[in-house]
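Note that this note's numbering has the sequence shown beginning at 5, numbered continuously upward. Heads up, the beta-carbon is just placed ideally off N, CA and C, and yes, glycines get one too. The structure appears below as structure tokens.
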Amino acid sequence: MSPSALLQNIEARMSSNDRSTTLRQLAVLLGASGVGLGAFGAHALKTILAKKVGAGENWKTAVTYQLVHAVALLSLSAIDKKSLRDPPSPSSWSGGKMMAIGAAMFSGSIYCLCLDFGPKKVLGPITPIGGLLLISGWVMVGIGNI
Numbered sequence: 005m006s007p008s009a010l011l012q013n014i015e016a017r018m019s020s021n022d023r024s025t026t027l028r029q030l031a032v033l034l035g036a037s038g039v040g041l042g043a044f045g046a047h048a049l050k051t052i053l054a055k056k057v058g059a060g061e062n063w064k065t066a067v068t069y070q071l072v073h074a075v076a077l078l079s080l081s082a083i084d085k086k087s088l089r090d091p092p093s094p095s096s097w098s099g100g101k102m103m104a105i106g107a108a109m110f111s112g113s114i115y116c117l118c119l120d121f122g123p124k125k126v127l128g129p130i131t132p133i134g135g136l137l138l139i140s141g142w143v144m145v146g147i148g149n150i
């Protein structure tokens, strides 16, 4: 079974409540790790990031985008619903998935680039792809709520 077919099979089996829970869990994961990585960059990595031009600012940008999208995912888990038990709309669900993957790719690749962890030829293109997924997620949510 191909990876995309496997994902479609898993998604088809998910109840609508599972989707809201998944968005909330992703929000918590992004939020908690964002706070941790922000503190790590400000304290433990301060001297390391200061040695590389722009690394400190890039780290802050990655943390900011990660935290903003954690809040967005948390909001999407409740948007268009009368109660937290109702399912998110299809556009909120799709947009949320795009945002979660985009935030991980965008911020994660920046963290790695700041620490010279991994090949730049691979990590460099991941950042804008993650950014495009973030933008696409917002557009998907917007289209569904027009």
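- In the three-state reduction of the DSSP assignment, residue 33 falls in the helix class, which pools H, G and I.
- Contact annotation: residue 99 and residue 141 have beta-carbon atoms nearer than 8 Å.
- The C-alpha of residue 96 lies about 40 Å from the C-alpha of residue 51.
- Residue 48 counts as exposed, since fewer than 16 other C-beta atoms from the protein chains shown sit within 10 angstroms of its C-beta.
- Between residue 27 and residue 71, the gap from beta carbon to beta carbon reaches 8 Å or more.
- Assignment of residue 39 by DSSP, reduced to helix, strand and coil, places it in the helix class.
- Using a Cβ distance threshold of 8 Å, residue 46 and residue 74 do not count as a contacting pair.
- In the DSSP annotation of this structure, the continuous segment of the alpha helix (DSSP H) that includes residue 73 starts and ends at 59-80.
- Distance check between residue 25 and each of 53, 63, 55 and 83 places 83 closest, using alpha-carbon atoms only.
- Boundaries of the alpha helix (DSSP H) around residue 132: 124-148.
- Annotated as distal: residue 62 and residue 130, with beta-carbon spacing of 8 Å or more.
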